[in-house]
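A.B. asks: Just so you know, we're using this note's numbering here: the sequence shown kicks off at 48 and counts up by one. Okay, handing you the structure first.
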Amino acid sequence: MFWLTSIVLTFSLGRLSACGAVSEGGACSTKNDRIDPNTRKFMSDCNDQTYCNAMTNGTCQARQCRKDEFPFGYGLGDTIPPLCSRGSFCPDSGSGCQPLRQAGQSCELNRDDQCAPAPNWQQLASSQNTDGSLCLQTTCIFANASIGQSCIIDETTYIDTGAGGQQYSNVIVRHNCETPHLYCDRTHLQCFKAKPIGISCSSDEECSSLNCNSGVCSDPPGTPLQVAPWQYAAISSGVFAAMITILTLLILVHKRLRLRHYRAVREYYDEQLR
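And the structure:
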């Protein structure tokens with residue numbers, strides 16, 4: 048659940064936090080490049096379609112690449128920059144495609160796609176990493192810590208401000224244990240087996256379902272409801288019994304109406320014979 052929450056929250060908060068207002072050709076400074084402390088969105092002096100290029104005396108230039116299929120800040124008629132080819136990535140600034148980073152090299156917040164795949168990425172890949180690689184604490188690392196081994200935890204807090212000014216926080220915990228069958232225990236910093244549904248938990252990453260609901264591992268949102276065979280039998284029996292009851296009542300009512308009609312006709316003929 049927390050991965051899906053992270054994606055939705057980051058997207059919604061990104062829409063609310065606009066970049067700078069300087070358009071292409073305007074003056075800027077790379078010293079003002081930063082990460083918003085609440086939304087974790089990359090910010091600069093330039094607007095969403097440009098980046099600050101220090102090589103051109105600090106001016107905003109059109110972005111050379113994009114990291115998303117549908118980038119924020121572009122209209123229907125605007126020309127959007129291209130996606131990077133396989134083996135490269137687009138940084139948050141959009142300054143141009145760069146080669147994937149190797150394990151141990153720096154990366155940007157939550158940008159697993161900036162890291163090169165693990166050698167055995169087919170075995171390590173999951174919905175919680177990119178080809179078996181992670182960007183934890185701004186460093187590329189493989190998600191290959193096995194059960195009992197030490198692990199690294201990266202905690203990120205996103206803050207959203209509601210319409211009434213109330214602030215809501217969402218803590219996303221990521222780790223380098225093999226997922227989804229292992230998690231990193233915060234106390235021991237060791238990989239443990241993920242907990243099945245019905246076992247007590249304190250956070251989403253402890254559950255194999257990634258959904259810790261009211262202190263218990265639960266089915267993830269959107270899971271189809273599983274109807275037990277006895278429930279099918281009970282519902283079918285109830286429907287059949289209701290049909291029999293209705294049919295019986297209709298027969299009894301019909302007989303009573305026929306009897307009433309018969310008595311009325313008999314009384315009529317008795318009157319005529321007198």
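We put the beta carbon where it would ideally sit given N, CA and C, even for glycine. These numbers come from a predicted model, not from an experiment.
Count the other CB atoms, across all protein chains shown, that sit within 10 Å of the CB of E314; report buried if there are 16 or more and exposed otherwise.
C.D. replies: By one-based count along the sequence shown, residue 314 stands at place 267. With fewer than 16 Cβ atoms within 10 Å of its Cβ, E314 is classed as exposed.
A.B. asks: Please determine, among I246, A192, R310, Q149, the residue with the shortest C-alpha to C-alpha distance to H222.
C.D. replies: Translated into the one-based positions of the sequence shown, residue 222 becomes position 175. Nearest of I246, A192, R310, Q149 to H222, Cα basis: A192.
A.B. asks: Could you tell me the distance, in whole angstroms, from the CA atom of A172 to the CA atom of G245?
C.D. replies: In the sequence shown, residue 172 corresponds to position 125, counting from 1. In the sequence shown, residue 245 corresponds to position 198, counting from 1. Looking at the two C-alpha atoms, the distance is approximately 26 Å.
A.B. asks: What is the C-beta distance between T186 and G151, in whole angstroms, given that I count them as a contact (C-beta under 8 Å)?
C.D. replies: Within the sequence shown, residue 186 is the residue found at index 139, counting from 1. Within the sequence shown, residue 151 is the residue found at index 104, counting from 1. Right, their Cβ atoms sit about 7 Å apart.
A.B. asks: Any idea if N157 is buried or exposed, counting beta-carbon neighbours within 10 angstroms, 16 or more meaning buried?
C.D. replies: Residue mapping note: residue 157 aligns to position 110 of the sequence shown, counting from 1. Burial call: buried.
A.B. asks: Leaving out five residues before and five after R305 in sequence, what residues of the same chain have Cβ atoms less than 7 Å from its Cβ?
C.D. replies: Stepping through the sequence shown from its first residue, residue 305 is reached at position 258. Cβ neighbours of R305 beyond the five flanking positions: none.
A.B. asks: Do you know how far the Cα of Q184 is from the Cα of Q175?
C.D. replies: Locating residue 175 in the sequence shown gives position 128, counting from the first residue. Locating residue 184 in the sequence shown gives position 137, counting from the first residue. Straight-line Cα distance between these residues: approximately 15 Å.
A.B. asks: Only counting the same chain, and skipping five residues up and downstream in sequence, which positions put a Cβ closer than 7 Å to that of C154?
C.D. replies: Residue mapping note: residue 154 aligns to position 107 of the sequence shown, counting from 1. R148, Q161, C162, C182, T185, T186, C187, listed in sequence order.
A.B. asks: With 16 other CB atoms within 10 Å as the buried threshold, where does D201 fall?
C.D. replies: Here residue 201 refers to the residue found at position 154 of the sequence shown. Buried, since its Cβ has 16 or more Cβ neighbours within 10 Å.
A.B. asks: With D80 and S91 assumed to form a contact (beta carbons below 8 Å), what rounded beta-carbon distance in angstroms separates them?
C.D. replies: Within the sequence shown, residue 80 is the residue found at index 33, counting from 1. Within the sequence shown, residue 91 is the residue found at index 44, counting from 1. Confirmed, Cβ separation roughly 5 Å.
A.B. asks: Give me the Cα-Cα distance between Q145 and P164, rounded to the nearest whole angstrom.
C.D. replies: Here residue 145 corresponds to residue number 98 of the sequence shown, with the count starting at 1. Here residue 164 corresponds to residue number 117 of the sequence shown, with the count starting at 1. Distance between the alpha carbons of Q145 and P164: 15 Å.
A.B. asks: By the three-class DSSP mapping on this structure, what secondary structure does E202 have?
C.D. replies: Here the question's residue 202 lines up with position 155 in the sequence shown. Note: E202 maps to strand in three-state DSSP.
A.B. asks: What three-state label does DSSP hand L306 in the structure shown?
C.D. replies: Stepping through the sequence shown from its first residue, residue 306 is reached at position 259. It is helical.
A.B. asks: Given this structure, state the Cα-to-Cα distance separating R62 from Y98, to the nearest angstrom.
C.D. replies: To locate residue 62, count along the sequence shown from 1; it is residue 15. To locate residue 98, count along the sequence shown from 1; it is residue 51. Residue confidence for R62 is low, a pLDDT of 41 falling below 50, so the modelled location carries little weight; the figure read from the coordinates is stated next. C-alpha separation (whole angstroms): 18 Å.
A.B. asks: What would DSSP say about T97, mapped onto helix, strand or coil?
C.D. replies: Translated into the one-based positions of the sequence shown, residue 97 becomes position 50. In this structure, T97 counts as strand in the three-state DSSP scheme.
A.B. asks: What number of angstroms, rounded off, separates the C-alpha of I54 from the C-alpha of Y205?
C.D. replies: For this step, residue 54 is matched to residue 7 along the sequence shown. For this step, residue 205 is matched to residue 158 along the sequence shown. With a pLDDT of 40 at I54, under the threshold of 50, the modelled position of this residue cannot be trusted; read the value that follows with caution. Straight-line Cα distance between these residues: approximately 11 Å.
A.B. asks: Would you list, in sequence order, the uninterrupted beta strand (DSSP E) runs of no fewer than 3 residues that lie entirely inside the region 66 to 124?
C.D. replies: Counting whole runs of 3 or more residues, the region 66 to 124 contains the beta strand (DSSP E) stretches 97 to 100, 106 to 109.
A.B. asks: So the alpha helix (DSSP H) L171 belongs to, where does it begin and stop?
C.D. replies: By one-based count along the sequence shown, residue 171 stands at place 124. Start and end: 168 to 171.
A.B. asks: Taking buried to mean at least 16 other C-beta atoms within 10 Å of its own C-beta, is F136 buried or exposed?
C.D. replies: Residue numbering aside, residue 136 sits at position 89 when the sequence shown is read from its first letter. With 16 or more Cβ atoms within 10 Å of its Cβ, F136 is classed as buried.
A.B. asks: Within the same chain, show all residues whose beta-carbon is closer than 6 Å to that of T203, passing over the 5 residues directly before and after it, in chain order.
C.D. replies: Locating residue 203 in the sequence shown gives position 156, where the first residue counts as 1. Taken in chain order, the residues that qualify are I219.
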